[in-house]
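Q: One structure is given below, represented as structure tokens, and several questions about it will come after.
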């Protein structure tokens, strides 16, 4: 490392920090201490105030009240530059890399002042020398778009080290990583901290990572610091209790024992599917799979390995180059008529952008599948707007959608309520095949649990369910069979009973990075 | 072109080459300007208007002052003023750059016609040419090799921009704004400011292209001066896939195609030659069809452009 090993990394203390957003109290008199040369976990549910706290530290938000003390000196952070000047750096959950530029160019971008003319010869020499001292290495000449998610995460961390930041905040660093990648990244951060070269703060809601890698932990709930303790003095169970404020008996969806019989014919069959991505490169390469009635088949995989394109083919949003899709034994094209006839429901990721009309009202969105059928229309032509209201009301109360009014535009709803709205729409008719992609992405624990119970109910009622998710825990929790998609191929398959997290993770990383957005 | 007849079919080739150099210069200047603007993440469709306003400003300034170089400066300044207007409107939230571009396209042409009425009749001093053909006695060769210095300025610019986008601070900053506005903001850059400067620089170059039209070739000011060169130059940027050096090649190709019609006419072909006048437009259409695809986004397109999202 190119830092003086004698000087200690920064130590930061926040005292009585408060921050309001309009009427929401995001931080409520939070006091915490991040000791030098230690790994600190910041634990809490979505909306607990973790991100707000670190953004105040980094100068992105200005705290309404309270103090930030860096190495014993009170500091005011008005701008990220102020934090950078003190050696504080942050790695965001959503990468801030520029995909169409090389690794070397991305390194340069963070500099306070770029040279007027860039001497690539000496820059590359300096980068190579820097990489040689680093725990993980990347080729500076590669285009960032060709890096796998784990490599991008490493690049973000390397960038901070390259810029001599010695207090590093990681915002949910492992959300896009496989278990072994996550272990590697967090393990290296811990090693650098133990060598007293870094102070590390990472935001997470995975207890496994806190217990495995952190030395101190702070738990936030609804904007308040509920505990700060050494990890050695806590257990997973006690941390969960403090995080959720409830007895840690997790509400698991009931899996009915009526397993799908091996003899049943598959309801959904994909054979040899090939497709290209938006930039014309192959995205799905010879994918074949089948789903029987009454089973959940989960496809695990790191984002960008062809899952998006596969779902788009099933939803009728993308043309396949080769291969066949059969539903109920018949060739399936994804037309409206076929979706109706075979009871196919699709919940594609980010529904507000991909599967709903943001500016239309909640009730219109709820009726998108059935607006021209009785009781909502006469003779498939004249719409009965009066029938829409009770139809929507029934779904809204059944799925506990929180909307100001059924007539409110869908885009005014929170992410969880948009997700519930589209789910309600898709489950409003008899479902025999349910296809879901990242159904719980960005939802809090309670909302995610509710949606998972609905998925399990559909499966228990005898429908075939295909679940494509980047959240390995979700796949493992729900699936009867687990498939892995990597590099556009279905590369691994296992039964629920034999599923091993690390074996699956190993297959998730193979064949990656050959494909990119 | 009196000597063309002596050289026979070689004369046609010579005329096409000479025409390519002459006609390509405004294409080159406008497409380099548009490349700069689009690299910053914005499309300025108004460059046809900028071109015409530049032509008018150059001609009027030259006529009034007697200096063609002052005229070129005026053309550039008028172009960057339109660029500034485009950028200022697009900097407002929820404004679509394509729509603003079309509005400024019409505005620029209208303004040029309105202000340019008194300058349609008179003659003004022209930009000088470099007499690179003096070694020959043949008048056709001498006229073909009288090349405008603006052509060399264009070549120098293309090479400088190609190099500068990769190897200078400004080049890198411009590309960050065009590839990821979020990344640019995260490192403390003002995306709007970068795009404003890039659009003004693009407007300046397009204005110069207009000045070339009225002060060198064809070398007068009238309302039919630009027959869509500004629009075709934008198509050319897509064909060149946002590379300044490829803009140079593409401009020469377009210039050469435009020169086929007049050149064929000079060797005495009197039937059907007018079809060749349509060649650049057919080429534009053909290239756009060739370079687009229903299943993929354009390779090399800056990610922040509204057409690639």
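Chains as they are written, first to last, in my numbering: chain A, 21 to 537; chain B, 391 to 699.
Idealized CB from N, CA, C, for every residue including glycine.
Does any residue of chain B have a CB that is nearer than 8 Å to the CB of residue 138 of chain A?
A: On the first chain, position 118 is the one that residue 138 of chain A refers to. By this cut-off, residue 138 of chain A is an interface position.
Q: To be precise: take each residue of the segment 342-359 of chain A, compare its Cβ to all Cβ atoms of chain B, and keep it if any distance is under 8 Å. Which residues remain?
A: Those would be none; no residue qualifies.
Q: By the three-class DSSP mapping on this structure, what secondary structure does residue 406 of chain B have?
A: Working through the second chain from its first residue, we reach residue 406 of chain B at position 16. Helix at residue 406 of chain B.
Q: Indicate the three-state DSSP secondary structure (helix, strand or coil) for residue 236 of chain A in the structure shown.
A: Mapped onto the first chain, residue 236 of chain A falls at position 216. Looking at residue 236 of chain A - three-state DSSP - the assignment turns out to be strand.
Q: Hey, could you find the ends of the beta strand (DSSP E) residue 244 of chain A is sitting in?
A: As a position in the first chain, residue 244 of chain A is number 224, starting the count at 1. Run containing residue 244 of chain A: 244-250, per the beta strand (DSSP E) assignment.
Q: Beta-carbon within less than 7 Å of residue 435 of chain B's beta-carbon, same chain only, minus the 5 sequence neighbours each way: which residues are those?
A: Here residue 435 of chain B refers to the residue found at position 45 when the second chain is read from its first residue. Same-chain partners within the cutoff: 488, 491, 492, 495 and 624.
Q: CB-CB under 8 Å to residue 363 of chain A, same chain, minus the five flanking residues each way: which ones, in chain order?
A: Residue numbering aside, residue 363 of chain A sits at position 343 when the first chain is read from its first letter. If we look at residue 363 of chain A and ignore the five residues flanking it on each side, its Cβ neighbours are 449, 450, 451, 452, 453 and 483.
Q: Closest Cβ-Cβ distance between residue 682 of chain B and chain A: below 8 Å?
A: For the purposes of this step, residue 682 of chain B is taken as residue 292 along the second chain, with counting starting at 1. With 8 Å as the cut-off, residue 682 of chain B does not count as an interface residue toward chain A.
Q: Which one or two residues does DSSP pair with residue 701 of chain B in a beta bridge?
A: Lying before the first or after the last residue shown, residue 701 of chain B is absent from chain B, which here runs from 391 to 699.
Q: Would you mind reading off the limits of the beta strand (DSSP E) that contains residue 38 of chain A?
A: Taking the first residue of the first chain as 1, we reach residue 38 of chain A at position 18. Element bounds for residue 38 of chain A: 32-41.
Q: Using the Cα positions of residue 304 of chain A and residue 502 of chain B, report the straight-line distance between them to the nearest angstrom.
A: As a first step, residue 304 of chain A must be located in the first chain, where it is residue number 284. As a first step, residue 502 of chain B must be located in the second chain, where it is residue number 112. Straight-line Cα distance between these residues: approximately 53 Å.
Q: Please report the straight-line C-alpha distance between residue 505 of chain B and residue 477 of chain B, rounded to a whole angstrom.
A: Here residue 505 of chain B refers to the residue found at position 115 when the second chain is read from its first residue. Here residue 477 of chain B refers to the residue found at position 87 when the second chain is read from its first residue. For residue 505 of chain B and residue 477 of chain B, the distance between alpha carbons rounds to 23 Å.
Q: Report the three-state DSSP secondary structure of residue 144 of chain A (helix, strand or coil).
A: Stepping through the first chain from its first residue, residue 144 of chain A is reached at position 124. DSSP places residue 144 of chain A in helix when its eight states are reduced to three.
Q: By DSSP, does residue 671 of chain B sit in helix, in strand, or in coil?
A: What you label residue 671 of chain B is simply residue 281 of the second chain in a count that begins at 1. DSSP places residue 671 of chain B in helix when its eight states are reduced to three.
Q: Residue 91 of chain A and residue 176 of chain A look like a contact to me (Cβ under 8 Å); what is the Cβ gap, rounded to whole Å?
A: Within the first chain, the letter at position 71 stands for residue 91 of chain A. Within the first chain, the letter at position 156 stands for residue 176 of chain A. So it is not a contact: roughly 25 Å between Cβ atoms.
Q: Compare the C-beta of residue 431 of chain B with all C-beta atoms of chain A and state if any pair is closer than 8 Å.
A: Here residue 431 of chain B corresponds to residue number 41 of the second chain, with the count starting at 1. No, because no Cβ of chain A sits closer than 8 Å to the Cβ of residue 431 of chain B.
Q: Does residue 562 of chain B come within less than 8 Å of chain A when only Cβ atoms are used?
A: What you label residue 562 of chain B is simply residue 172 of the second chain in a count that begins at 1. Yes, because at least one Cβ of chain A sits closer than 8 Å to the Cβ of residue 562 of chain B.
Q: Give me the residue from A:526, A:50, A:509 and A:527 with the minimum Cα distance to residue 294 of chain A.
A: Looking up residue 294 of chain A in the first chain gives position 274. The candidate whose alpha carbon is nearest that of residue 294 of chain A is A:509.
Q: Does any residue of chain A bring its CB to less than 8 Å from the CB of residue 565 of chain B?
A: Position 175 of the second chain, counting from 1, holds the residue named residue 565 of chain B. Yes, contact with chain A.
Q: Given this structure, state the Cα-to-Cα distance separating residue 571 of chain B from residue 590 of chain B, to the nearest angstrom.
A: As a working mapping, residue 571 of chain B is identified with position 181 in the second chain. As a working mapping, residue 590 of chain B is identified with position 200 in the second chain. Whole-angstrom Cα-Cα distance: 19 Å.
Q: Taking buried to mean at least 16 other C-beta atoms within 10 Å of its own C-beta, is residue 398 of chain A buried or exposed?
A: For the purposes of this step, residue 398 of chain A is taken as the residue at position 378 of the first chain. Exposed, because fewer than 16 other Cβ atoms sit within 10 Å of the Cβ of residue 398 of chain A.
Q: Quick check on residue 569 of chain B - is its C-beta less than 8 Å from some C-beta in chain A?
A: Start at 1 with the first residue of the second chain, and residue 569 of chain B comes out as number 179. So yes, residue 569 of chain B belongs to the interface.
Q: Is residue 270 of chain A helix, strand or coil when you go by DSSP?
A: Looking up residue 270 of chain A in the first chain gives position 250. Residue placement at residue 270 of chain A is flagged as unreliable, the pLDDT there being 47, under the threshold of 50; a coordinate-derived value is accordingly withheld.
Q: May I have a chain-ordered list of the alpha helix (DSSP H) segments no shorter than 4 residues that lie completely inside the segment 106-187 of chain A?
A: 123-129, 140-152 and 169-182, all fully within the segment 106-187 of chain A.
Q: What does a CB cutoff of less than 6 Å around residue 414 of chain B pick up in its chain, not counting 5 residues either side in sequence?
A: On the second chain, residue 414 of chain B is found 24 positions in, with the first residue counted as 1. Here the set comprises 641, 642 and 645.
Q: Please identify the residue among A:119, A:101, A:380 and A:209 whose C-alpha is closest to the C-alpha of residue 154 of chain A.
A: Position 134 of the first chain, counted from the start, is the residue given in the question as residue 154 of chain A. When only C-alpha atoms are compared, the closest one is A:209.
Q: Rounded to a whole number of angstroms, what is the C-alpha to C-alpha distance between residue 606 of chain B and residue 576 of chain B?
A: By one-based count along the second chain, residue 606 of chain B stands at place 216. By one-based count along the second chain, residue 576 of chain B stands at place 186. Straight-line Cα distance between these residues: approximately 46 Å.
Q: Where are the alpha helix (DSSP H) runs, 4 residues long or more, that stay fully inside the segment 460-513 of chain B, in chain order?
A: Runs found: 487-506.
Q: Closer than 8 Å by C-beta to residue 412 of chain A: which residues in its own chain qualify, once you throw out the five before and the five after it? Chain order, please.
A: The residue given as residue 412 of chain A occupies position 392 in the first chain. Answer for residue 412 of chain A: 382, 383, 386, 387 and 426, listed in chain order.
Q: Can you find a CB in chain A that lies within less than 8 Å of the CB of residue 693 of chain B?
A: Counted from its first residue, the second chain places residue 693 of chain B at position 303. It does; some Cβ of chain A falls within 8 Å.
Q: I'd like to know whether the C-beta atoms of residue 692 of chain B and residue 429 of chain B end up nearer to each other than 8 Å.
A: Within the second chain, the letter at position 302 stands for residue 692 of chain B. Within the second chain, the letter at position 39 stands for residue 429 of chain B. Yes. Within cutoff.
Q: Return the bridge partner residues of residue 289 of chain A from the DSSP annotation.
A: Taking the first residue of the first chain as position 1, residue 289 of chain A is located at position 269. Answer is A:310 and A:346, bridged to residue 289 of chain A.
Q: Residue 116 of chain A touches chain C at which residues, Cβ-Cβ below 8 Å?
A: Of the protein chains in the structure, A and B, none is chain C.
Q: Where residue 505 of chain A and residue 471 of chain A are concerned, what is the direct C-alpha to C-alpha distance, given to the nearest angstrom?
A: By one-based count along the first chain, residue 505 of chain A stands at place 485. By one-based count along the first chain, residue 471 of chain A stands at place 451. Spanning the two alpha carbons is a distance of roughly 23 Å.
Q: Residue 557 of chain B versus chain A: which residues are under 9 Å apart at the beta carbon?
A: Counting from one through the second chain, the residue named residue 557 of chain B turns up at place 167. In chain order: 137, 138, 139 and 140.
Q: Classify residue 604 of chain B as buried or exposed, calling it buried when 16 or more other Cβ atoms lie within 10 Å of its own Cβ.
A: Your numbering for residue 604 of chain B matches position 214 in the second chain. So residue 604 of chain B counts as buried.
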